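Those letters in the sequence shown? Residues 1212 to 1432, per my numbering, in order. Note that the Cβ used here is the ideal one computed from N, Cα and C, for glycine as well. None of these values were measured; they are calculated from a predicted model. Report on one structure; see the data block that follows.
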Amino acid sequence: PYGNPTTNESNKEREKTYKKDLISPKQQDTLFWSLYIIKYGYDEYLMIQDNYGSNVMNAKQQIMEDIQKNPNKYRHTNYKMTKSGLKELMSELITNYSKTSYNVLIALCCYYGVNIYLVNKERKTFLEFISNNTAPSYFLYKDKFGKYMLDLNIKTEQDVSNLKREMVLLEHYLKPIKACSHYKVQEIEEIAARLGIVDITRKYKKNELHQLVSTYLTDSL
């Protein structure tokens, strides 16, 4: 059935249509399948009729082998990984989780050679996963149910700059904001204002405002 030219042409036309909008993978693990679509294309994704689990496990096995051959590639992302961190990652890769973790997402970015921005428009926040500075960048949008929708268009430096200007970058998926002492009062005020979580009729103490922002950002993960 995959050799049918009519079917393939139809799929390609569908891919062109989806490129204008957002793709929402039908599987529960929308994070993994969004990366799969980036790597292999929407047309290839549509051809998978079953055995989704085996595709996931095959990809993880390939990543494990690549980590063993090229460990430094996985250690020098924007989330620095120690040797013990890589061991934990490899242990996670052989475990059959139903949902891709941020740890595994880092590995997928490195293996596929892409940078991923997880954008939460509703909360005005985002996370960035940078495999290297020259890799193509993609935006994935998180909905209110925690599912991701993929924009297949490669993002420009200007797109990324606009995102950083309009939304708040979470420092880390484990700790979304730095300690209060790291910021000036004005910096915390600017973050809070961008998020739209302050009462403009009152004055906040620095630590109070930091706690307010910290709680909001943690809930955005």
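| Asked | Found |
| --- | --- |
| Whole angstroms are fine: how far does the CA of Asn1344 sit from the CA of Leu1319? | 16 Å |
| What does the alpha-carbon distance come out to for the pair Tyr1322 and Tyr1384? | 20 Å |
| So what does Tyr1442 bridge to, in DSSP terms? | An answer regarding residue 1442 cannot be provided, because it is not within the stretch 1212 to 1432 covered by the chain. |
| Which residue or residues does DSSP assign as beta-bridge partners of Glu1339? | Tyr1328 |
| Comparing C-alpha positions only, which one of Ala1390, Pro1387 and Lys1414 sits nearest to Glu1446? | Given that the chain is displayed from residue 1212 to residue 1432, the structure contains no residue 1446 and the question cannot be resolved. |
| Taking buried to mean at least 16 other C-beta atoms within 10 Å of its own C-beta, is His1393 buried or exposed? | exposed |
| Given this structure, state the Cα-to-Cα distance separating Ile1402 from Val1379, to the nearest angstrom. | 7 Å |
| For Ser1245 versus Lys1284, is the C-beta spacing smaller than 9 Å? | no |
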